[in-house]
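Colleague: Input: one structure, supplied below.
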Amino acid sequence: ALPAQIGGRVAAGATPGALLHEWPGLHAEARFQGHAVTLRLNDKVDRWRITLDGGAVEIARPGQMDLRIENLPPGPHLVRAERISEWHGPAEFDGFFLDPGATALPPPEPQARLIEFIGDSDTVGLGNTSPRRECDAEQVFAATDTSRAFPARLAQDFRADYRVIARSGVGLLRNFGGAKPQHTMRQLYPLALPSEPAAARLPERPADLLVIGLGSNDFGSDFAKGEPWQNNADLSRAFGPALEEFARARLAENAGAKL
155 ALPAQIGGRV
165 AAGATPGALL
175 HEWPGLHAEA
185 RFQGHAVTLR
195 LNDKVDRWRI
205 TLDGGAVEIA
215 RPGQMDLRIE
225 NLPPGPHLVR
235 AERISEWHGP
245 AEFDGFFLDP
255 GATALPPPEP
265 QARLIEFIGD
275 SDTVGLGNTS
285 PRRECDAEQV
295 FAATDTSRAF
305 PARLAQDFRA
315 DYRVIARSGV
325 GLLRNFGGAK
335 PQHTMRQLYP
345 LALPSEPAAA
355 RLPERPADLL
365 VIGLGSNDFG
375 SDFAKGEPWQ
385 NNADLSRAFG
395 PALEEFARAR
405 LAENAGAKL
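To convert, take the position in the sequence shown, counting from 1, and add 154; that gives the numbering used here.
Laid out in structure tokens, this is it:
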């Protein structure tokens, strides 16, 4: 197994070193000397971009798979794996592996700063590489690339790492169309795996900067029957205090962070 620098929110998998993930934007980087490296995944739902020494390949819904890259030239190599798709359920990243005789090098040092982005489809980058607006679900899946959305690009410009806690359609008090009222960001944020609430979150590096982009889905759709608010004025009166409470809680968890 090759030590890696991991970015994103994860839970422990069933085997040593395996990571369960569901929030978007998971990324891992490692360094080595050798003629081959293997990436191990157990993932039926996501798209990945694997970059090695500047060359890249994308794979979709690989399932249980060992992706082997071989015939590499002598010298040090940098390999990066990025989950680029929206969440569709939990999956497992099992890490990088070397052949006998290869040399594991220390992983890249973490960036000096970490920015955490909390939001909805704008933060995820839903369909952000599509050349058109009218897409079916499969086309949206193929066109979504969190690594090209504004969180990753902003972090790169400021030489920072990033963590993305976001979901399309989610709001702070209500989701788009009033869907799943018990799964707003207030309920989902603490979870390692939103679809498996019992999964324990692995320790996270505190963020230096918090960026909250919520509200579009709270106010962007008609109210469903039975919701506690029936107009935007009522919702506005509840939204402001709820946003302040949510922001203060995040600041308390990330001592010294800016918002």
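Think of the CB as a built atom: it goes at the ideal place given N, C-alpha and C, for glycine as much as any other residue.
Looking at the secondary structure, which residues open and close the alpha helix (DSSP H) in which residue 388 lies?
Modeller: From DSSP, the alpha helix (DSSP H) with residue 388 extends over 386-407.
Colleague: For residue 293, report the span of its alpha helix (DSSP H) as first-last.
Modeller: From DSSP, the alpha helix (DSSP H) with residue 293 extends over 291-297.
Colleague: Unbroken beta strand (DSSP E) runs of length 3 or more, entirely within the segment 203-259: which are they?
Modeller: Entirely contained in the segment 203-259, the beta strand (DSSP E) runs reaching 3 residues are, in chain order, 209-214, 217-223, 230-237, 245-252 and 257-259.
Colleague: Extract the residue ranges of the beta strand (DSSP E) inside the segment 257-336, only unbroken runs of 3 or more that lie entirely within it.
Modeller: Counting whole runs of 3 or more residues, the segment 257-336 contains the beta strand (DSSP E) stretches 257-259, 268-273 and 315-320.
Colleague: Measuring alpha carbon to alpha carbon, tell me which residue in 413, 247 and 201 is nearest residue 240.
Modeller: Residue 201 is the option with its Cα nearest to residue 240.
Colleague: Relative to the alpha-carbon of residue 171, which residue among 248, 212 and 159 has its alpha-carbon at the smallest distance?
Modeller: Nearest C-alpha to residue 171: 248.
Colleague: Contact between the segment 273-280 and the segment 350-370 is defined here as three or more beta-carbon pairs at a separation below 8 Å; is this criterion met?
Modeller: Yes, the segment 273-280 touches the segment 350-370.
Colleague: On the DSSP bridge list, what partners appear for residue 188?
Modeller: None, per the DSSP bridge assignment.
Colleague: On the DSSP letters alone, give me the boundaries of the beta strand (DSSP E) that residue 364 sits inside.
Modeller: Run containing residue 364: 363-367, per the beta strand (DSSP E) assignment.
Colleague: To which residues does DSSP link residue 355 through a beta bridge?
Modeller: Partner(s): 165.
Colleague: So for residue 197, helix, strand or coil by DSSP?
Modeller: Residue 197 falls in the strand class under three-state DSSP.
Colleague: Given a cut-off of 8 Å on the beta-carbon distance, is the pair residue 348 and residue 342 in contact?
Modeller: Cβ distance < 8 Å, so residue 348 and residue 342 count as in contact.
Colleague: State the Cα-Cα distance for the pair residue 191 and residue 318, rounded to the nearest angstrom.
Modeller: Distance between the alpha carbons of residue 191 and residue 318 is about 27 Å.
Colleague: Measure the beta-carbon distance from residue 414 to residue 404 and round it to whole angstroms, keeping in mind my assumption that it falls under 8 Å.
Modeller: In this structure the chain extends from 155 to 413, so residue 414 is not present and cannot be described.
Colleague: Return the residue from the list 243, 232, 280 and 327 that minimises the CA-CA distance to residue 468.
Modeller: For residue 468 there is no data in the structure shown, the boundaries of the chain being 155 and 413.
Colleague: Is the beta carbon of residue 400 less than 8 Å from the beta carbon of residue 326?
Modeller: Cβ atoms of residue 400 and residue 326: closer than 8 Å.
Colleague: Is the separation between the beta-carbon of residue 156 and that of residue 189 shorter than 8 Å?
Modeller: No.
Colleague: Below 8 Å on the Cβ atoms is my guess for residue 281 versus residue 300; work out the distance and round it to an integer in Å.
Modeller: Not really, about 12 Å apart at Cβ, beyond 8 Å.
Colleague: Spell out the partners DSSP gives residue 412 in its beta bridges.
Modeller: Paired residues: 363.
Colleague: With distances taken Cα to Cα, identify the nearest neighbour of residue 175 among 303, 402, 350 and 373.
Modeller: Of 303, 402, 350 and 373, the residue nearest in Cα terms is 350.
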